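Just add 28 to wherever you are in the sequence shown, counting from 1, and you've got our numbering.
The beta carbon of each residue, even a glycine, is placed where N, CA and C say it ideally should be.
Predicted model, so just to flag it, every value in this text is computed and none were measured.
In what follows, a single structure is set out as structure tokens and then discussed.
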Amino acid sequence: MVGVAACGSVRSIKALWETRIRRIQEEQQEEEEQRRRMARGGATGRLSVGVWEDRAALARLKQKLQTEDGRLVLRIEQEEWKSLPGCLVQLTQVQEWQIHRAGLQKIPHFISSFQNLLVLDLSRNGVTEIPKQIGKLTRLRELLLSFNRVHFVPEELSCCESLERLELAMNRDLNQLPDQLRNLKRLQHLDLSMNAFTCVPDCVVGLPALEWLDMGGNQLQHLPEDIHRMEMLHTLWLQRNRLEKLPDNISRMASLDTLVLSSNRLRDIPPLMEGMSKLSRFVNFRDNPLTLNVTLSCRKTKTEVDEDDSEEDREMFGREFMQMYIQESRKRAYAVLNVHCAHH
């Protein structure tokens with residue numbers, strides 16, 4: 029009887045522990061399932077939040093759309109938009125971006141989706157690079173990135189075959205351009221002022237349609253000898269550089285009518301420039317250490333007595349001054365030659 033009782037007791041204890049173990053397993057399974065349900069619910073909640081954030085951002089962007097001259101323009105001025113949301117790709121019909129003083133730090137890679145874009149104006153932001161995807165915008169006519177922090181221009185920009193205007197002024201560390209940019213056959217207007225260029229890039233000289241070039245405020249030490257290859261160029265700004273002389277071939281720039289050379293280190297004006305008949309709109313040699321001290325005869329009338337500033341510009345820094353300087357330089361050269369011949 030004692031053995032039977034002991035055996036029954038063992039079976040009872042075993043059944044009790046099996047029941048407890050089963051209950052613990054069931055509780056663990058229930059907790060695991062609850063965690064899974066909570067996880068699914070949390071993800072759904074986050075997804076829902078993301079969707080609503082995209083909708084809110086898209087609605088905000090739509091408020092920035094305007095129609096100007098028949099173009100759909102995205103205009104953002106003086107607001108905080110350090111980055112542009114991906115939902116912007118739903119507005120690919122936009123033809124012009126005008127985003128200024130928004131603190132924008134990068135051009136999004138999805139810019140390639142905007143095949144209709146004609147003007148990309150991101151002046152006065154904090155953009156540090158131009159993405160390679162820019163090359164997909166084959167209809168782009170204007171790229172304006174002045175007053176940013178761009179220090180590198182990708183060769184893919186040369187694929188923007190419709191580009192007519194490129195402005196990269198005041199990016200400070202920018203000092204070179206990829207040679208492939210010479211393939212921009214339609215580029216007419218190029219602003220590279222206030223950067224760190226020490227020479228005019230070869231690709232710039234090779235631009236066939238270039239009409240307007242500003243490289244003022246750089247560190248140019250010389251101009252290319254083949255500068256006359258820029259046959260279409262009519263306006264050349266070179267103020268505040270380190271130029272000490274001008275190449276003779278500058279006289280072969282048949283279309284040039286505006287030349288600004290103020291605040292350089294020029295010692296002389298090439299005599300061949302005397303024949304530049306089109307160089308009449310504006311020419312400026314102000315603040316150069318020119319060798320000769322040349323002044324023009326005064327032409328003031330009674331009605332011009334108070335017009336000191338315009339008279340100063342005419343007398344010291346215009347085309348008339350340039351021609352007088354060249355004539356005086358030639359006279360002195362002949363005088364030196366005559367003295368030399370007399371001695372012999």
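Taking the beta carbon of residue i as the centre, do at least 16 other beta carbons fall within 10 Å, making it buried, or is it exposed?
{"i": "residue 262", "result": "buried"}
{"i": "residue 195", "result": "buried"}
{"i": "residue 114", "result": "exposed"}
{"i": "residue 111", "result": "exposed"}
{"i": "residue 80", "result": "exposed"}
{"i": "residue 197", "result": "buried"}
{"i": "residue 321", "result": "exposed"}
{"i": "residue 220", "result": "buried"}
{"i": "residue 69", "result": "Low per-residue confidence applies at residue 69: pLDDT is 46, beneath 50, and the placement is therefore not dependable, though the value from the model is reported in the following sentence. So residue 69 counts as exposed."}
{"i": "residue 97", "result": "exposed"}
{"i": "residue 254", "result": "exposed"}
Between residue i and residue j, how many whole angstroms is the CB-CB distance? I'm expecting something under 8 Å.
{"i": "residue 159", "j": "residue 135", "result": "5 Å"}
{"i": "residue 284", "j": "residue 304", "result": "7 Å"}
{"i": "residue 236", "j": "residue 213", "result": "6 Å"}
{"i": "residue 173", "j": "residue 150", "result": "6 Å"}
{"i": "residue 204", "j": "residue 229", "result": "6 Å"}
{"i": "residue 295", "j": "residue 266", "result": "With 8 Å as the limit, residue 295 and residue 266 do not qualify as a contact, their Cβ atoms being about 15 Å apart."}
{"i": "residue 278", "j": "residue 354", "result": "Not a contact, Cβ separation roughly 13 Å."}
{"i": "residue 145", "j": "residue 123", "result": "6 Å"}
Can you tell me whether DSSP reads residue i as helix, strand or coil?
{"i": "residue 161", "result": "helix"}
{"i": "residue 316", "result": "coil"}
{"i": "residue 310", "result": "strand"}
{"i": "residue 124", "result": "strand"}
{"i": "residue 80", "result": "helix"}
{"i": "residue 207", "result": "helix"}
{"i": "residue 289", "result": "coil"}
{"i": "residue 51", "result": "helix"}
{"i": "residue 194", "result": "strand"}
Tell me which residues share the same chain as residue i and place their Cβ nearer than 7 Å to its Cβ, disregarding the 5 neighbours each side in the sequence.
{"i": "residue 180", "result": "157"}
{"i": "residue 258", "result": "233, 238 and 281"}
Relative to the alpha-carbon of residue i, which residue among the options has its alpha-carbon at the smallest distance?
{"i": "residue 166", "options": "192, 80, 178 and 43", "result": "192"}
{"i": "residue 171", "options": "231, 48 and 218", "result": "218"}
{"i": "residue 308", "options": "239, 238, 348 and 206", "result": "348"}
{"i": "residue 106", "options": "190, 129, 123 and 99", "result": "129"}
{"i": "residue 299", "options": "312, 314, 125 and 274", "result": "274"}
{"i": "residue 243", "options": "260, 256 and 287", "result": "287"}
{"i": "residue 311", "options": "302, 325, 346 and 324", "result": "346"}
{"i": "residue 206", "options": "302, 231, 53 and 252", "result": "231"}
Tell me which same chain residues have a C-beta within less than 6 Å of the C-beta of residue i, skipping the five on either side of it?
{"i": "residue 269", "result": "246, 248 and 292"}
{"i": "residue 117", "result": "138 and 141"}
{"i": "residue 223", "result": "199, 202 and 246"}
{"i": "residue 94", "result": "101 and 103"}
{"i": "residue 208", "result": "183 and 186"}
{"i": "residue 356", "result": "320 and 322"}
Using a Cβ-Cβ cut-off of 8 Å (strictly less than) and excluding sequence neighbours within five positions of residue i, which residues of its own chain qualify?
{"i": "residue 131", "result": "108, 109, 110, 153 and 154"}
{"i": "residue 188", "result": "162, 163, 165, 166, 168, 171 and 212"}
Cβ of residue i less than 8 Å from any chain D Cβ?
{"i": "residue 177", "result": "The structure shown contains no chain D; it holds only a single protein chain."}
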